[in-house]
């Protein structure tokens, strides 16, 4: 069957073959396969299914039909309140599925660790595009719930990118309420920590010539993340007080 390259990837070549997706195994492939198998056994539809290995040594996953929001300019439905609420609900679902399992080890849950619109599949469910699944679980690992909640708030609200403080506070409260996050005192601190780690990891990868890191740096991601951090620090008190 013909192979069709899928857009949006910075670090890995991913292709569609029929109703499957093929890609080289990641360093954490074993853990990710166990995680996806757990979702399959539990009947959770919010992630691709692992289907095996092809004759070229690539992993085979089910292809999830829909709109993947990897481009900067997106339909308004991607950013609407209903979609933000559903994103938070999906995160809560897989967190609850992994809590207390061996995969979570001694942590609260298994975190996705790369939540963003570009890793989200949207479908029209009769009332516009809504998120239905998350892609790219390569960075999944045991961790605290707050880490993923902070990550989703940062990326789905595009904090620091032409955001007003009022809109940011409203969005943070909306997503935290939808997730059911009770303790929000460290939310902004965690967002800043994640953003700082993000640009440093990209910079370190680019410095050693890693292709994904080079492409991200050339695309201006480091500068964008740092600008977002400066915006959050300027409005930190307002964000902390507004979301608490």
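Residue numbers (my numbering): 4 to 247. Note that beta-carbon positions come from the ideal geometry of N, C-alpha and C, so glycine has one too.
My output table needs one value for residue i: the three-state DSSP class, helix, strand or coil.
i, result
"residue 53", "strand"
"residue 70", "strand"
"residue 258", "No answer is possible for residue 258: it lies beyond the span of the chain, which begins at 4 and ends at 247."
"residue 213", "coil"
"residue 227", "helix"
"residue 111", "coil"
"residue 43", "helix"
"residue 65", "strand"
"residue 220", "helix"
"residue 24", "strand"
"residue 246", "helix"
"residue 35", "helix"
Would you grab the beta carbon distance between residue i and residue j for me? Rounded to a whole angstrom, and I think it's under 8 Å.
i, j, result
"residue 62", "residue 26", "6 Å"
"residue 6", "residue 17", "Residue 6 to residue 17, Cβ: 10 Å. No contact."
"residue 49", "residue 135", "7 Å"
"residue 197", "residue 153", "6 Å"
"residue 115", "residue 143", "6 Å"
"residue 73", "residue 121", "4 Å"
"residue 84", "residue 131", "Incorrect: roughly 11 Å between the Cβ atoms, too far for contact."
"residue 102", "residue 145", "With 8 Å as the limit, residue 102 and residue 145 do not qualify as a contact, their Cβ atoms being about 10 Å apart."
"residue 71", "residue 123", "7 Å"
"residue 225", "residue 162", "Rounded, the Cβ-Cβ distance is 16 Å, inconsistent with contact."
"residue 246", "residue 190", "6 Å"
Within 10 angstroms of its Cβ, does residue i collect 16 or more other Cβ (buried), or is it exposed?
i, result
"residue 187", "buried"
"residue 129", "exposed"
"residue 157", "buried"
"residue 98", "buried"
"residue 86", "buried"
"residue 4", "exposed"
"residue 8", "exposed"
Work out the CA separation of residue j and residue i for me, nearest whole Å.
i, j, result
"residue 178", "residue 78", "19 Å"
"residue 119", "residue 159", "6 Å"
"residue 20", "residue 65", "10 Å"
"residue 35", "residue 237", "38 Å"
"residue 44", "residue 37", "10 Å"
"residue 58", "residue 39", "21 Å"
"residue 240", "residue 194", "14 Å"
"residue 117", "residue 139", "8 Å"
"residue 56", "residue 141", "16 Å"
Given the structure, does residue i come close to the ligand HEM, in the sense that its CB is under 6 Å from one of the ligand's heavy atoms?
i, result
"residue 242", "The ligand HEM is not part of this structure, which contains no ligands at all."
Completely contained alpha helix (DSSP H) runs for the region 127–205, where each covers 4 or more residues
148–159, 168–182
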